[in-house]
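Some notes on the structure that comes next.
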Amino acid sequence: MQTNFKRQLKPKKFAILITYCGDGYFGIQRNKGVPTIEEEILTAFYKSGAITKECYDRPQAAAFQKASRTDKGVSAVRQILSCKLPPNFCELIPQINEFLPQKIRVVAAKKATQHFDSKRYCDGRTYSYMMPSYALCPPEEFVTESYRIKPEIIKKFNEILEFYNGTHNFHNFTSQKLPTDPSSMRYIVSVICGQPFIKDGIEFIIVEVKGQSFMMHQIRKMIGLAIAIMRGLTTEE
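Taking full-length UniProt numbering, the leading residue of the sequence shown gets 1, the next gets one more, and so forth.
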């Protein structure tokens, strides 16, 4: 790997807005041996001369941080990074995007205070979970691509999703967490299913989940349980 890095003025802390399609990646978190969003970003930073080899190998040396994590295959319309970078970093963005695959883009960047940390300063995160509307049908009901959901079903689904609102112990919605672990307590602002829309002849719905923070697999398991209740595979209790 080559870089045109040159000694410049003292690095400045930046807030960086990125967007990416997670298809084909094992999440955002750097993980040796598998493709990740973070690895692509750091590689592009290094190749463009925005960071040194030391910072590429040890991102913490440049105070590299991300506002949230995404799991395997999950995309982000907006994701904020923070990192110590050259004062002229904004001028490097076009070059950085040339080194990045089309699925990942650096959208913009802005100088921040030296103590800014995108993870620590983030007070809320929003995730969207899209699925075909027929996912809420009972197993015995035969459905085709022409299926269209009824308003009362969406209403019932939202009533179930509403149970998640507030502060709860979500140890059952992740892995390797005990009920007594304080970090299992999470605050959910809202979970709402929006109106259906049609894409390529199939009707879809989107569940928007807003909260302070989430644990690994938490959102998938929250949605999965709500679907199971709707399909009659388990009860609300």
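Cβ coordinates follow ideal geometry from the N, Cα and C atoms, glycine included.
| Check | Outcome |
| --- | --- |
| Collapsed DSSP secondary structure at residue 223 in the structure displayed | helix |
| C-alpha distance - residue 149 paired with residue 141, whole-angstrom precision | 13 Å |
| Cα-Cα separation between residue 162 and residue 208, rounded to whole angstroms | 12 Å |
| C-beta neighbour in chain D for residue 54, strict 8 Å | Looking for chain D here will not work: only one protein chain is present. |
| Simplified DSSP assignment, three categories, for residue 110 | strand |
| Buried versus exposed, by CB contacts within 10 Å (16 or more), residue 47 | buried |
| Cα-Cα separation between residue 160 and residue 138, rounded to whole angstroms | 16 Å |
| Straight-line Cα distance separating residue 152 from residue 75 | 30 Å |
| Contacts around residue 110, its chain only, beta-carbon distance under 6 Å, and the 5 residues preceding and following it disregarded | 15 |
| Residue nearest to residue 9 in terms of C-alpha spacing, selected from 79, 84, 135 and 32 | 84 |
| With 16 other Cβ atoms within 10 Å as the buried cut-off, status of residue 36 | buried |
| Whole-Å CB distance - residue 189 paired with residue 124, under 8 Å assumed | 7 Å |
| DSSP beta-bridge partners of residue 145 | Residue 145 pairs with nothing; no bridge assigned. |
| Nonlocal neighbours in the same chain, by C-beta distance under 6 Å from residue 65, ignoring five residues either side | 82, 117, 118 and 119 |
| Ordered list of beta strand (DSSP E) runs contained in the UniProt domain "Pseudouridine synthase I TruA alpha/beta" (164-236), each at least 3 residues | 166-169, 185-193, 197-199 and 202-211 |
| Cβ pair residue 40, residue 104 closer than 8 Å | yes |
| Cβ-based neighbour list, residue 203, same chain, cut-off 6 Å, excluding 5 preceding and 5 following | 133, 148 and 196 |
| Straight-line gap, residue 89 to residue 185 (C-alpha atoms, nearest Å) | 38 Å |
| Exposure label - residue 182; buried when at least 16 CB within 10 Å | exposed |
| Collapsed DSSP secondary structure at residue 104 in the structure displayed | strand |
| Closest residue to residue 44 among 54, 145, 169 and 93 (Cα-Cα distance) | 93 |
| Beta carbon of residue 29 nearer than 8 Å to that of residue 69 | yes |
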